[in-house]
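J.: Residue numbering for the sequence shown follows my numbering, starting at 482 and increasing by one per position.
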Amino acid sequence: MGRRFFDLKIDVYVPGRWYLSDPQNPAGDEIEDIWQFIQGKPVELAERLRIPLYQAGASLDFTTAGAGQAPIVSDRVASLFRQMAPEDIQLFPVDVEGEAGPFFLLNVAREIRCIDDAACAAVQIRTADEYTERVGEYRSVSRLRIDKAKVGDARVFRTWGWHAPIIVDEDLKDALEANGIFGCRFDEV
482 MGRRFFDLKI DVYVPGRWYL SDPQNPAGDE IEDIWQFIQG KPVELAERLR
532 IPLYQAGASL DFTTAGAGQA PIVSDRVASL FRQMAPEDIQ LFPVDVEGEA
582 GPFFLLNVAR EIRCIDDAAC AAVQIRTADE YTERVGEYRS VSRLRIDKAK
632 VGDARVFRTW GWHAPIIVDE DLKDALEANG IFGCRFDEV
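1) Decide if Arg591 is buried, meaning its Cβ has at least 16 other Cβ atoms within 10 Å, or exposed.
2) Contact check, Ser560 vs Phe584 under 8 angstroms by CB: the rounded distance?
3) Between the stretch 657 to 664 and the stretch 633 to 640, can you find at least three pairs of beta-carbon atoms closer than 8 angstroms?
4) Quick one: any contact between the stretch 617 to 627 and the stretch 596 to 606, if contact means 3 or more CB pairs under 8 angstroms?
5) Please report how far the alpha carbon of Arg485 lies from the alpha carbon of Ala508, in whole angstroms.
6) Indicate whether Ala546 and Pro504 have their beta-carbon atoms separated by less than 7 angstroms.
7) If contact is defined by three or more beta carbon pairs under 8 angstroms, each pair taking one atom from either stretch, is the stretch 519 to 537 in contact with the stretch 561 to 568?
8) In three-state terms, what does DSSP make of Ile519?
9) In chain order, what residues of the same chain lie with their CB nearer than 7 angstroms to the CB of Asp492, ignoring the 5 residues before and after it?
10) For Phe597 versus Asp576, is the C-beta distance shorter than 7 angstroms?
11) Please name the residue or residues paired with Lys490 in a DSSP beta bridge.
12) Ends of the alpha helix (DSSP H) at Ala560?
13) Please report the distance separating the alpha-carbon of Arg594 from that of Gly633.
14) Can Ile519 and Ile553 be called in contact, C-beta distance under 7 angstroms?
15) Please list, in chain order, all residues of the same chain as Gln550 whose beta carbon is under 6 angstroms from its beta carbon, the five residues on each side excluded.
16) Opposite Ile512 in the DSSP bridges: which residues?
17) In angstroms, rounded to a whole number, what distance separates the CA positions of Gln517 and Thr608?
18) Could you pull the start and end residues of the beta strand (DSSP E) that Asp652 belongs to?
19) Terminal residues of the continuous beta strand (DSSP E) containing Asn588?
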């Protein structure tokens with residue numbers, strides 16, 4: 482059967498869950514590019530970021546922050562990613578409003594062109610009528626499926642042209658579940 486892969490998502494059905502706002506610099510200003518953490522590329526941060534609460538609630542091991550969907554993870558999640566996928570990720574310590582424990586911004590720093598257009602329920606490709614710099618990328622993808630032969634040795638990555646999904650392999654998914662990670666769900670791709 483080969484390796485299996487999953488889209489790691491936030492679980493919006495956790496009762497009383499918190500929601501986080503977009504990252505800010507230490508002065509409390511929203512950072513310039515809130516989308517940089519979903520591009521599947523390494524980033525450089527010059528300062529420790531603050532993550533304000535959008536809605537107070539139960540803190541989670543895995544969530545995303547604001548419209549830019551920057552993944553924010555607990556120390557337990559960070560440790561698993563550090564152990565199992567060190568070449569694929571960057572972890573940046575962040576200060577989450579109202580939380581004493583350590584949290585990290587997880588940047589998935591690997592992007593793979595592997596969406597299997599024919600196996601997805603539907604895909605729409607961007608044309609020159611929209612964003613000229615994004616022609617050929619995906620406008621939408623329904624029921625994402627990937628071509629596993631193109632993944633190589635990656636444990637976690639973003640898909641080229643459709644950056645929102647965080648794709649993890651089955652071993653990483655199983656480790657997260659075995660450690661009782663709270664706040665995420667998995668859809669097979």
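All C-beta atoms in this analysis are idealised placements derived from N, C-alpha and C, irrespective of residue type, glycine included.
T.: Let's see:
1) Taking the first residue of the sequence shown as position 1, residue 591 is located at position 110. Arg591 comes out buried.
2) Locating residue 560 in the sequence shown gives position 79, counting from the first residue. Locating residue 584 in the sequence shown gives position 103, counting from the first residue. Not a contact, Cβ separation roughly 12 angstroms.
3) no
4) yes
5) One-based indexing of the sequence shown puts residue 485 at position 4. One-based indexing of the sequence shown puts residue 508 at position 27. Straight-line Cα distance between these residues: approximately 43 angstroms.
6) If you number the sequence shown from 1, residue 546 lands on position 65. If you number the sequence shown from 1, residue 504 lands on position 23. In contact: Ala546 and Pro504 (Cβ atoms closer than 7 angstroms).
7) no
8) Translated into the one-based positions of the sequence shown, residue 519 becomes position 38. Of the three classes helix, strand and coil, the one that applies to Ile519 here is helix, per DSSP.
9) To locate residue 492, count along the sequence shown from 1; it is residue 11. Excluding residues within five positions, the ones whose Cβ falls inside 7 angstroms are Gly664, Cys665, Arg666.
10) Stepping through the sequence shown from its first residue, residue 597 is reached at position 116. Stepping through the sequence shown from its first residue, residue 576 is reached at position 95. Looking at the sequence itself, residue 597 is Asp, so the reference to Phe does not match. Cβ distance not < 7 angstroms, so Asp597 and Asp576 don't count as in contact.
11) Within the sequence shown, the letter at position 9 stands for residue 490. Note: Lys490 sits in a beta bridge opposite Arg666.
12) Locating residue 560 in the sequence shown gives position 79, counting from the first residue. The sequence given here has Ser at residue 560, not Ala. Unbroken alpha helix (DSSP H) run through Ser560: 556 to 565.
13) Stepping through the sequence shown from its first residue, residue 594 is reached at position 113. Stepping through the sequence shown from its first residue, residue 633 is reached at position 152. Near 11 angstroms, if we compare the C-alpha coordinates of Gly633 and Arg594.
14) Here residue 519 refers to the residue found at position 38 when the sequence shown is read from its first residue. Here residue 553 refers to the residue found at position 72 when the sequence shown is read from its first residue. Taking 7 angstroms as the Cβ cut-off, Ile519 and Ile553 do not qualify as a contacting pair.
15) Reading the sequence shown from its first residue, position 69 is the one you call residue 550. Here the set comprises Ile519.
16) Against the sequence shown, residue 512 aligns to sequence position 31. According to DSSP, Ile512 bridges with nothing at all.
17) Reading the sequence shown from its first residue, position 36 is the one you call residue 517. Reading the sequence shown from its first residue, position 127 is the one you call residue 608. If you take the alpha carbons of Gln517 and Thr608, they lie about 23 angstroms apart.
18) One-based indexing of the sequence shown puts residue 652 at position 171. Element bounds for Asp652: not the beta strand (DSSP E) but the alpha helix (DSSP H), 651 to 659.
19) Position 107 of the sequence shown, counted from the start, is the residue given in the question as residue 588. Where Asn588 is concerned, the enclosing beta strand (DSSP E) stretches over 584 to 589.
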